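*Asks:*
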Amino acid sequence: MKLFANKTQRNAKLLRCAAFGMTLVFLGAVIFMTNPVQHFVEWQLSLTPGTLLYKLWLFPPLDVYIMVYMFNYTNVDDFIAGRATKLKVEQVGPYVYKEVLSNHNVTLNEANNTISYTPRREYIFIRDRSVGDPHFDRIRAPNIPYMGVSTHAASLSMFAALGISALTKRLNAQPMLEVSVHDYMWGYEDHLVHLASKFVPSYIDFASFGIMEKLFREGNESNVVNMHLPERRDSNGVVLPNSPRGYSLHSVNYGRGFMRWDYDEATNGTRCNRIWGSHDATLFPRDMNEEDEFFIYRRTFCRRLPLKFVRTLKFWGQDAFEYTMEPHIFDSELGNVNSSCFCKNNQCLRRGVGNVAPCYYNMPLAITYPHFMHTDPSLLERFDGLKPNESIHTSTFMLQPQLGVPLHTHMRLQANQVVGKVKFNRLMEPFENMVLPLLWVDLTIDNLPVILQLLVHGIKYAFPLMQGILALGLILAGLYQLTAAFMLCFWSPPGGVHSKIEHAEKAASIINGLTIGVSFHKATPTAAASTMSTAECVQEAQKLLSRSEV
């Protein structure tokens, strides 16, 4: 009976071995065919609550620094008195601030596949990276509200212009201020601004004025951004037609374009005044290619800025697409539908000077490249100390194409005061028809943080490699098990079943002989002499039985 039991156990072992081998091969094949790591990565890199990307997006780990370079005017008195024909300026900086971004009031909109949120930015002064302390460093720089009012007065009637001139004299306002760097950036008390806030509080709702405060902080707590989520796809993974680009903006403060630049909702506007379709420079589509075209939007620019692809390269071991901003992006022409909206009252600014006045209480402000690079050469003729240099003043962007995030960035832009015609103001006459540089900034991202670098390497190399090794290991282990089962089924080794049967039969005959011998021993005393041979027979029988049980 034990023999039959052993045979049953052997068959069961063979079946288990074969089943286990087939299971391993099946699992390995499933991994190769379904690519579960890719599905897991796609899920974790979707902007839905609980995923890795969502957590990173709420509080982006990118280290963004704003390097601010001020312009100090050193010969203002001589220039106003007519003793100097050019203004002398010296660059002072950088004063470095870290921008800390967080996204709040998040709402997922399933109906149109968008996400709404309020971005908040804080600015922290970084003393170790700065040239000095902005609270103690002092400069002489244009009085922005005063120059703005004086320029605006030229478009008014003679009596209104005279009234404004008399008011500025009574307030002892000067075209140039001597002020600390901090106050000029983040807010100084100005009599004109304070007076305007009393008379038109619904329009001028602030009593102090700072250029950085207006460019970067204003509206920081109230802007509502609506952004498209990645494109929806059909069951075959094909992007559905007419799907907006992933992570492109749908609207800002419920508007899809710049109303100040005459955006027409019925026609979807022009490249000149659209917001929709641009990106906020924190997230870009994943798996981008060299043909992709991107626009950067930020309220500071009062427009969206186009990026032009330059090349692919490696940056600190990471794949990168390099983009730049072209020289002509701040040009405006009445005959060009993509830039004519920037010409207010059919008046265009000079080449390379971008109007931003409608976004800043109609104060005559403009943006250019630093040191008037790529602008009308006449702008530089009135200054000493401005030295445009493409190697240090060009804006460049390196984007990580697999993850769709900024890898290394330098966005370099300059804020300027535009002075037009001047009436009835002797102090302002020397500045007539000039564009005065105020400061320039370099928004910088040095490199991806370690967590994003590891994620990029994992997506491109580590995760697929680990998945391939696991799948191949499962298949090889399964084939080994199936081979072992096959050999057990069709090949019996020495000492197999037939040998065991022979051993059992020999043992049985020995035992029968022993039984006869013991009976004869009891009947015949002389049989005692055969005791030794009986013991040997018992040992032999035990050996044979043990072989038959193996």
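Using this note's numbering, read the sequence shown as starting at 1307 and increasing by one per residue.
No residue lacks a Cβ here, since even glycine has one placed at the ideal position from N, Cα and C.
These figures come from a predicted structure and were not determined experimentally.
Apply the 10 Å Cβ neighbour rule to P1481 and answer buried if 16 or more other Cβ atoms are within range, or exposed otherwise.
*Replies:* Counting C-beta atoms within 10 angstroms of its own C-beta, P1481 has 16 or more neighbours from the protein chains shown and is therefore classed as buried.
*Asks:* Take L1414 and list the residues in its own chain whose beta-carbon comes closer than 6 Å to its own, dropping the five residues that flank it on each side.
*Replies:* I1421
*Asks:* Would you be able to state if there are at least three C-beta pairs under 8 Å between the segment 1421-1439 and the segment 1598-1617?
*Replies:* Because the criterion of three Cβ pairs below 8 Å is not met, the segment 1598-1617 and the segment 1421-1439 do not touch.
*Asks:* Indicate whether V1374 and V1747 have their beta-carbon atoms separated by less than 7 Å.
*Replies:* It is a contact, given that the beta carbons lie within the stated cut-off.
*Asks:* Leaving out the 5 sequence neighbours to the left and right, which residues in its chain are closer than 7 Å to H1441 when beta-carbon positions are compared?
*Replies:* S1486 and H1488
*Asks:* What's the call for A1472, buried or exposed, on a 16-neighbour Cβ count within 10 Å?
*Replies:* exposed
*Asks:* At what residues does the beta strand (DSSP E) containing F1703 begin and finish?
*Replies:* T1702 to Q1706
*Asks:* Where does L1780 fall in DSSP's three states?
*Replies:* helix
*Asks:* In whole angstroms, what is the alpha-carbon distance linking L1705 and E1596?
*Replies:* Cα atoms of L1705 and E1596: separation of roughly 11 Å, rounded to the nearest angstrom.
*Asks:* Using C-beta distances below 8 Å, list every residue in its chain close to T1314, excluding the 5 sequence neighbours before and after it, in chain order.
*Replies:* none
*Asks:* Could you pull out every residue in the same chain whose Cβ sits closer than 8 Å to the Cβ of E1571, ignoring the five residues on either side in sequence?
*Replies:* Excluding five sequence positions before and after E1571, the CB atoms of its chain that fall closer than 8 Å to its own CB belong to R1562 and G1563, given in chain order.
*Asks:* If you pair each beta-carbon of the segment 1755-1770 with each one of the segment 1700-1717, do three or more pairs fall below 8 Å?
*Replies:* yes
*Asks:* Check H1763 in the structure and name its three-state DSSP category.
*Replies:* helix
*Asks:* Across the segment 1716-1723 and the segment 1379-1395, are there enough close Cβ pairs to call them in contact, namely three or more that are closer than 8 Å?
*Replies:* no
*Asks:* Compute the distance between the beta-carbons of P1694 and M1679, then report whether it is under 7 Å.
*Replies:* With a cutoff of 7 Å on beta-carbon distance, P1694 and M1679 are scored as near each other.
*Asks:* Sort Y1569, T1789 and H1699 by Cα distance to V1643 and report the nearest one.
*Replies:* Y1569 is the residue among Y1569, T1789 and H1699 whose C-alpha sits nearest the C-alpha of V1643.
*Asks:* Could you please give the first and the last residue of the uninterrupted alpha helix (DSSP H) stretch that includes L1619?
*Replies:* L1619 -> not in any alpha helix (DSSP H); beta strand (DSSP E) instead, spanning R1609 to F1621.
*Asks:* Is the CB-CB distance between H1716 and T1674 below 7 Å?
*Replies:* no
*Asks:* Starting from D1262, trace the beta strand (DSSP E) both ways and give me its first and last residue.
*Replies:* In the structure as shown, the chain begins at 1307 and stops at 1856. Residue 1262 is therefore absent and cannot be evaluated.
*Asks:* Less than 7 Å separating the beta-carbons of N1731 and C1647?
*Replies:* no
*Asks:* Which of helix, strand or coil does DSSP assign to S1684?
*Replies:* helix
*Asks:* If you follow the beta strand (DSSP E) that P1547 is in, where does it begin and where does it stop?
*Replies:* Run containing P1547: none; DSSP gives neither H nor E here.
*Asks:* Ignore the nearest five residues each way along the sequence and tell me which others in L1364's own chain have a CB closer than 6 Å to its CB.
*Replies:* N1409
*Asks:* Find the nearest neighbour of P1736 within the set G1641, L1393, S1697 and D1598, judged by alpha-carbon distance.
*Replies:* L1393
*Asks:* Just mark P1355 as buried or exposed, buried being the case when its beta carbon has 16 or more other beta carbons within 10 Å.
*Replies:* exposed
*Asks:* Starting from I1372, follow the beta strand (DSSP E) in both directions and report where the run begins and ends.
*Replies:* Where I1372 is concerned, the enclosing beta strand (DSSP E) stretches over V1370 to Y1379.
*Asks:* Within its chain, find whatever has a CB closer than 6 Å to the CB of G1784; leave out the 5 residues flanking it on each side and keep chain order.
*Replies:* G1327, L1330 and V1331
*Asks:* For L1498, which option in V1455, V1616 and L1468 has the closest C-alpha, if you only look at C-alpha atoms?
*Replies:* V1455
*Asks:* Output the boundary residues of the alpha helix (DSSP H) element that contains G1454.
*Replies:* I1450 to A1459
*Asks:* Hey, how far is the Cα of S1645 from the Cα of H1345?
*Replies:* 44 Å
*Asks:* Report the residue from L1521, Y1423 and I1450 whose alpha carbon sits nearest the alpha carbon of I1301.
*Replies:* With the chain covering 1307 to 1856 only, the question about residue 1301 has no answer from this structure.
*Asks:* Span of the alpha helix (DSSP H) holding Q1350?
*Replies:* P1342 to Q1350
*Asks:* Could you tell me the boundaries of the alpha helix (DSSP H) in which V1487 lies?
*Replies:* V1487 to W1492 is the extent of the alpha helix (DSSP H) around V1487.
*Asks:* I think L1477 touches L1353, with their Cβ atoms under 8 Å apart; what is that distance to the nearest whole Å?
*Replies:* At roughly 51 Å, the Cβ-Cβ gap does not stay under 8 Å, so L1477 and L1353 are not in contact.
*Asks:* Given that a residue counts as buried once 16 or more other Cβ atoms are within 10 Å of its Cβ, and exposed if not, what is P1683?
*Replies:* exposed
*Asks:* Tell me the DSSP secondary structure of Q1787 in three-state form.
*Replies:* helix
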